[in-house]
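Asker: Numbering (numbering that gives the first Met the number 0), first residue to last: 0 to 432.
Let me give you the structure first, and then I'll get to my questions.
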Amino acid sequence: MGKGQVYKPGRAPASMRGVIERLNDEGLGVLRAGKKEILVPHAAPGDEVEILKTRRKKRKVIALEFRVIKPSSLRTEPPCPYFGRCGGCLLQHIPYEEQVHWKAGKLSRHLGQNVEVMPSPKIFGHRNRIDVVISTSGIGFRRYGTWWEAVDITICPVFGEASSKVLKSLREFIEDFKLSEYDIKKNEGFLRYVVIREGKFTGELMVNLVTKEGKLPEEFPDYFPYATSVYWSVNRTESDVSYGDVERFWGQEFIREKLGDVVYLIHPNSFFQTNSYQAVNLVKKVAELVDGERVLDLYSGVGTFGVYLAKEGLEVEGVEINPFAVEMAKKNARLNNVNVAFRVGRDRNVGNLSNYDTVIVDPPRAGLHPKLIQKILKDTPETLIYVSCNPKTLAQDISALAGRYRLEFALGLDMFPHTPHVEAITLLRKFDV
C-alpha cells in the first residue's frame, strides 16, 4: 500500500469492494461496484480495494477514503512522503515506464493511431515552478479533492532541494514576525502563497510571496539571501490564485532560463514551460517540423517558440492576446539579438494565414477557437504545427480540420511526470480536394 491510502476500521458492503480495472484519462482508478463506477485516486490497475467513503462530483462518484486489500503487482513505493494526501502527483505509485506507456495509450486512443511518448529526461527535480499554499491548515499543496485544506510539506521532490531551503526560510520568517496564514473559507489572514521558480540550466532562483493587502516586514528579503530574485505580490481579490500585483522586488527583476542556446527572462507573472529539461526537446522538435522560412507563432506567450526559431534563422511573427506576455517576448528577442515581430492580437483576427509557410498553434486547454478553425480552413496555410496539453481538444480540432488537413506526424512528450498530463506535438499538412 502506498503512502496516504487510509485504513479505517469496519467494513464496507461487498458492492464497495473490487479490483481496479484501469486508469481513466484523469489518472483515477476505475472500480466497477455493481452498477456504479467509482473513481479511486492514487490507485493502480490490479489493486483490490475496499471503498470506505465517497462523494459525488457532478455525475461522478469519487472515493474519499479506501484501503488496499491486496496491492497490484504494478504498484511501487512512492518516494515522496506526502504522496496520497497531496494533490500534486497522482501516479508516483506507478513505475515511471508504466506511466509513459499509459500516456502513450491515452494519446493514441484520442488521435486514432499509435503515438509514442518521449520520457522526461528527469523525473524528480524537474519542475521549475511550484505554487505553495500558505494556509491555516498548512504550508504546502491542496489535499487531493479539497479546495480549502493544505498538506503541510517541508520539501517538494519534483521541484528539488531548493524547495526545502525556501520553505525553511519562510517558516522562520513567519515565526519571527508572527504573521497570519490565510483562511480561505473566511477570507482572513495575510499570507496566501509562495511561488518558487528556478532556472534549471542557470541555477537562478526566484521567491515570490503573495499576500493580501497589508504591511510586509522590511526584513522579508533578508530571509532569502541565496535567491537571485525576491518578490512581494498582492492579491486584492478573494480568488484563490497564486499571483497578484507586484508591490516590490529585491535583487534581479528577472531570473533566466536556457533552452539550448536561447536565454529566456522569467517574471513572477509570466508563463514558462514547467519542465525545462523536456522543454528543450519540445522546441527542438517544433524547429525540426517547420517547413519553409516564414512562420506564424500563434499564442506566442513569452516567445518560447518564436525566439528559438528566429535564432535558427527563420522569419517569425508572434501573436499573443496578453500584452504583458508580448512585452516579455520582445525582451527575450532583444536579449538573444534576434528580430521577431511580436504583437498583441486575438487568435482569429490575424491576417491571411496563407502568407506563412508554417503556422504554429499552442492554445490553452480549451483548444482552438471555432472562428480560428474556420479561418485556417479558408486560408489553408500549407503546414500547421499544433502543440497541445489536452489530447481531447486536440483530437476534436484535428477532426474539425480533416476536410483540408491530414495528420502526418504525432509525438507525445512527458512534460509532467507522476501526473496524468501529457504534451503532444502534431504536424498537419494541407491536401488538395
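Glycine is no exception: its CB is placed at the ideal position from the N, C-alpha and C atoms.
From a predicted model like this one, the values you see are computed outputs, not experimental measurements.
Does the distance from the CB of P118 to the CB of V99 come in under 8 Å?
Answerer: Residue numbering aside, residue 118 sits at position 119 when the sequence shown is read from its first letter. Residue numbering aside, residue 99 sits at position 100 when the sequence shown is read from its first letter. Yes.
Asker: Output needed for G366: all residues of its chain with C-beta closer than 6 Å, excluding positions within five of it in sequence on either side, in chain order.
Answerer: Translated into positions along the sequence shown, residue 366 becomes position 367. Non-local C-beta neighbours of G366 in its own chain, meaning closer than 6 Å and more than five positions away in sequence, comprise T392, D396, ordered along the chain.
Asker: Inspect the beta-carbon positions of T418 and G26 and report whether they are closer than 8 Å.
Answerer: Numbered from its first residue, the sequence shown carries residue 418 at position 419. Numbered from its first residue, the sequence shown carries residue 26 at position 27. For T418 and G26, yes; Cβs fall inside 8 Å.
Asker: Among residues of its own chain, excluding the 5 on either side of S72, which ones have a beta-carbon nearer than 7 Å to its beta-carbon?
Answerer: Within the sequence shown, residue 72 is the residue found at index 73, counting from 1. G45.
Asker: Can you look up V29 in the DSSP assignment and give me helix, strand or coil?
Answerer: By one-based count along the sequence shown, residue 29 stands at place 30. When DSSP states are grouped into helix, strand and coil, V29 belongs to the strand group.
Asker: Pull the bridge partners of V131 from the DSSP assignment, please.
Answerer: The residue labelled residue 131 in the question sits at position 132 within the sequence shown. Per DSSP, V193.
Asker: Along the alpha helix (DSSP H) that carries E327, what are the first and last residues, could you check?
Answerer: The sequence position of residue 327 within the sequence shown is 328, counting from 1. It should be pointed out that residue 327 corresponds to Met in this sequence rather than to Glu. Element bounds for M327: 322 to 334.
Asker: Using the three-state DSSP reduction, which class does W231 fall into: helix, strand or coil?
Answerer: Translated into positions along the sequence shown, residue 231 becomes position 232. Three-state DSSP puts W231 in a strand.
Asker: Between Q272, E252, I37, which has its C-alpha nearest H266's C-alpha?
Answerer: Within the sequence shown, residue 266 is the residue found at index 267, counting from 1. If we check each option's Cα against that of H266, E252 comes out closest.
Asker: Using the three-state DSSP reduction, which class does P8 fall into: helix, strand or coil?
Answerer: As a working mapping, residue 8 is identified with position 9 in the sequence shown. Here P8 scores only 35 on pLDDT, less than 50, and its place in the model is too uncertain to base an answer on.
Asker: Can you grab the Cα-Cα spacing for the pair I183 / W147, in whole Å?
Answerer: Taking the sequence shown and counting its residues from 1, one reaches residue 183 at position 184. Taking the sequence shown and counting its residues from 1, one reaches residue 147 at position 148. The straight-line gap from Cα to Cα measures roughly 6 Å.
Asker: What are the start and end residues of the beta strand (DSSP E) that includes I93?
Answerer: Taking the sequence shown and counting its residues from 1, the one referred to as residue 93 is at position 94. Note, I93: premise wrong, no beta strand (DSSP E); not H, not E.
Asker: For S269, count neighbouring Cβ atoms within 10 angstroms of its own Cβ and tell me buried if that reaches 16, exposed if not.
Answerer: Your numbering for residue 269 matches position 270 in the sequence shown. S269 comes out buried.
Asker: Do N234 and R196 come within 8 Å of each other at the CB atom, strictly closer than that value?
Answerer: For this step, residue 196 is matched to residue 197 along the sequence shown. For this step, residue 234 is matched to residue 235 along the sequence shown. No, the Cβ-Cβ distance between R196 and N234 is not below 8 Å.
Asker: Would you identify the three-state DSSP class for L169, choosing helix, strand or coil?
Answerer: Within the sequence shown, residue 169 is the residue found at index 170, counting from 1. Of the three classes helix, strand and coil, the one that applies to L169 here is helix, per DSSP.
Asker: Given E311, which residues of its chain have a CB within under 7 Å of its CB, disregarding the five upstream and five downstream residues?
Answerer: By 1-based counting over the sequence shown, the position of residue 311 is 312. Excluding residues within five positions, the ones whose Cβ falls inside 7 Å are A286.
Asker: Do you know how far the Cα of V67 is from the Cα of P8?
Answerer: Sequence index remark: in the sequence shown, residue 8 carries index 9 (1-based). Sequence index remark: in the sequence shown, residue 67 carries index 68 (1-based). Reliability of the predicted coordinates at P8 is poor, the pLDDT of 35 falling under 50, and the value obtained from them is presented with this limitation in mind. Approximately 13 Å, taken between the alpha carbons.
Asker: So what's V306 in DSSP terms, helix, strand or just coil?
Answerer: Within the sequence shown, numbered from 1, the residue matching residue 306 stands at position 307. V306: helix per DSSP, three-state reduction.
Asker: So the alpha helix (DSSP H) I397 belongs to, where does it begin and stop?
Answerer: Residue mapping note: residue 397 aligns to position 398 of the sequence shown, counting from 1. Residues 390 to 399.
Asker: Using alpha carbons as the reference points, say which of I173, P120, H92, V432 lies closest to L215.
Answerer: Sequence index remark: in the sequence shown, residue 215 carries index 216 (1-based). Nearest of I173, P120, H92, V432 to L215, Cα basis: I173.
Asker: Which stretch, first to last residue, makes up the beta strand (DSSP E) that contains D296?
Answerer: Working through the sequence shown from its first residue, we reach residue 296 at position 297. First-last of the beta strand (DSSP E) with D296: 293 to 297.
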